[in-house]
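Student:
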Amino acid sequence: MRLSVIGCGYVGLVTGACLAEAGHEVVCTDIDSERIAKLNAGGVPIYEEHLDKILASAHKARRISYTANAGDAIRAGDAIFICVGTPPKDSGEADLSAIDHVARQIAAEAHSSKLVIEKSTVPARTGMELSRALAAYSRNGGLKFRVASNPEFLREGTAVGDFFHPDRIVVGVEDPSSAAELREIYRPILEKSFHCPVHEGACPPGHRPEFLVTTINSAELIKHASNSFLALKISYANVIADLCEKIGADVEEVTHAMGLDPRIGGQFLKAGLGYGGFCFPKDVQAFIYLSARMGVDFDILKATERVNKQRIDRFFEKIRQALWVVKGKHVAVFGLAFKANTDDIRFAPALEVVKRLLEEGAVVHASDPEAMARTKALFPQLHYHEDPYEALRDADAALICTEWNMFRRLDWDRAGKVMARKLVIDGRNLYTPEAMREKGFEYYSFGRE
Ligand code: UGA
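Here my numbering = 1-based position in the sequence shown + 23.
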């Protein structure tokens, strides 16, 4: 099929690239013409595993193209994926001005009827407004715009794998023909007839994804309800961690045992510095805002957010307790990205830690395998090191802020030889306290003695 993607951010690029790899013809556009120029020159503006590979192969096969002319992109596709940003306003409400702008563009530029698919994360009832805007701005009464909601459940770092091997594909529609069209778009994924860029040879056996057809309002709600529930799970684990510290229990033992109950599940029960990124913090806020506007009490979500914000305070208490005076101390910060396998630093807990360290006068030496370039633009005053052992030279403490595998595998015997003080404060519980103490380290983490 011929598809258009509006918005070449992380969701748009992964969606466009994967649909092209699955055999469709995709035309992408973005308001940022520099981004389009970079893509046309073969560059990839974000770090996401496998993305460069599939963009290159789709480009070579002429299945993906990029244009800064939104009208051309809009006219090229039978179906249009809207993948623009929906950042939070100060109130927590999602800012939908980019969606509104795109609706006007589609209505003005289209020469034929289109299926318009919301891929951006939006509050429930946005589809209704989108329908209304498309009809209101259309200059050609003969054109029909059908709207659908197709939320994404892609995790940064594993987004390409998630796209090709989803648990479920949710399509919120207003008529059966839109559902049929979306089923056709996703047919290669549903039938597993694509060449998987993630797995060499055959993909591991797994169940076929469910193709769920819902109303548009339900589809929109499914997305916010899913992300908020995962955030709630993390905050729950974090409160259990605080309790473990007071009681003298081990949060890893507790959450492991809890997770073995399939009704609970073991994922997203990892205690530590809490959640960040451009999805959970804004989606929780937007869901709180939406429910309040609807007159529904969603206090557990407000608590989820509060607990998450307190994680940084809790981490800092540990830092202060261990270091006594923070001012003038040489601190190695391991991990800047909001989680492992991404260069994304938006709402990263690590940056909040860095900010406070600087406010208190610490000398910060940072290391991250992918996120240093982005962080430099915000914090030029840090000392950056590709080699983590260089960050540790003469350090008074090592702080672990992101769960990168490279930090799980640090050689602490080697580290101990170059550090001024053998102190590790682990915000992601990557090590066992016993093992670190055996190596002669003072070691602090969350929810364990
Ligand atoms: C999240 C969802 O997992 C995706 O399903 C969704 O599609 C995406 O948001 C989105 O709305 O676009 P993502 O933001 O990439 O994906 O990151 P996650 O892997 O969910 O992690 C979020 C944060 O929670 C990270 O800061 C991570 O370190 C933290 N986390 C995660 C924990 O603190 N504990 C855990 O047990 C799990």
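Where a beta carbon is used, it is the ideal one built from N, C-alpha and C, also for glycine.
Look at the Cβ atom of R25, then the Cβ atom of G100, and state whether they are nearer than 8 angstroms.
Tutor: yes
Student: Hey, would you say the C-beta of G295 is under 7 angstroms away from at least one heavy atom of the ligand UGA?
Tutor: yes
Student: Pick out whichever of E383, I423, V196 and R431 has its Cα sitting closest to the Cα of R348.
Tutor: Going by the sequence as given, residue 348 is Val instead of Arg. Nearest of E383, I423, V196 and R431 to V348, Cα basis: E383.
Student: Assuming V307 is part of the alpha helix (DSSP H), what are its boundary residues?
Tutor: Start and end: F303 to R316.
Student: Please confirm whether any heavy atom of the ligand UGA lies closer than 7 angstroms to the CB of T144.
Tutor: yes
Student: In or out: R334 buried (at least 16 other Cβ within 10 Å) or exposed?
Tutor: buried
Student: For I368, does the count of other Cβ atoms within 10 angstroms reach 16, so buried, or fall short, so exposed?
Tutor: buried
Student: Need the endpoints of the beta strand (DSSP E) that C41 sits in, please.
Tutor: Here C41 belongs to no beta strand (DSSP E); instead the alpha helix (DSSP H) covers Y33 to E44.
Student: Can you tell me where the beta strand (DSSP E) with F357 in it begins and where it stops?
Tutor: Note, F357: beta strand (DSSP E), H353 to F357.
Student: With DSSP as the reference, label L74 as helix, strand or coil.
Tutor: Correct three-state label for L74: helix.
Student: List the endpoints of the continuous beta strand (DSSP E) containing S390.
Tutor: V386 to S390
Student: So what does DSSP say about G30, is it helix, strand or coil?
Tutor: coil
Student: At the level of alpha carbons, what is the spacing between L374 and L381?
Tutor: 10 angstroms
Student: Please list the terminal residues of the continuous beta strand (DSSP E) segment that includes T237.
Tutor: E233 to T237
Student: Leaving out five residues on either side along the sequence, give the residues of the same chain with a beta carbon under 8 angstroms from the beta carbon of P68.
Tutor: Apart from sequence neighbours up to five positions away, the residues of its chain that approach P68 with a beta-carbon distance below 8 angstroms are C31, L36, R58, K61 and L62, ordered along the chain.
Student: Is any heavy atom in the ligand UGA found nearer than 7 angstroms to the beta carbon of K341?
Tutor: No; taking the cut-off as 7 angstroms, the Cβ of K341 has no heavy atom of the ligand UGA nearer than that.
Student: Quick one: which unbroken beta strand (DSSP E) runs of 3-plus residues sit fully inside the stretch 197-233? Chain order, please.
Tutor: The qualifying runs do not exist here; there are none.
Student: Whose CA, out of P111, E44 and S27, lies closest to the CA of P304?
Tutor: P111
Student: Just how far apart, CA to CA, sit S249 and F301?
Tutor: 15 angstroms
Student: For E461 versus A363, is the C-beta distance shorter than 8 angstroms?
Tutor: Note that the C-beta distance between E461 and A363 is not below 8 angstroms.
Student: Grab the span of the alpha helix (DSSP H) containing L157 for me, first residue to last.
Tutor: T149 to Y160
Student: From G289 to L283, what does the alpha carbon distance come to, in whole angstroms?
Tutor: 6 angstroms
Student: Anyone know if the C-beta pair for V196 and H73 falls short of 8 angstroms?
Tutor: no
Student: How would you label Q404, buried or exposed, when you count the other beta carbons within 10 angstroms and need 16 or more for buried?
Tutor: exposed
Student: Tell me the DSSP bridge mates of T90?
Tutor: T52
Student: Just checking my contact of E179 with Y33 at CB under 8 angstroms: how many whole Å lie between their CB atoms?
Tutor: 7 angstroms
Student: Name the two residues that bound the continuous alpha helix (DSSP H) containing D185.
Tutor: A182 to F187
Student: Kindly give me the distance between the Cβ atoms of H134 and R98, rounded to whole angstroms, as I take these residues to be in contact under 8 angstroms.
Tutor: 6 angstroms
Student: Quick one: what does DSSP say R437 is sitting in, helix, strand or coil?
Tutor: helix
Student: Quick one: residues in its chain with C-beta nearer than 6 angstroms to the C-beta of W435, no 5 flanking neighbours on either side, listed in chain order?
Tutor: K462
Student: For V307, which of F357, K352, R231 and K246 has the nearest alpha-carbon?
Tutor: K246
Student: Who are the Cβ neighbours of V125 in its own chain at under 7 angstroms, not counting the five residues just before and after it?
Tutor: I29, I105 and V107
Student: Any idea if R85 is buried or exposed, counting beta-carbon neighbours within 10 angstroms, 16 or more meaning buried?
Tutor: exposed
Student: In the structure shown, what three-state DSSP assignment does P411 receive?
Tutor: helix
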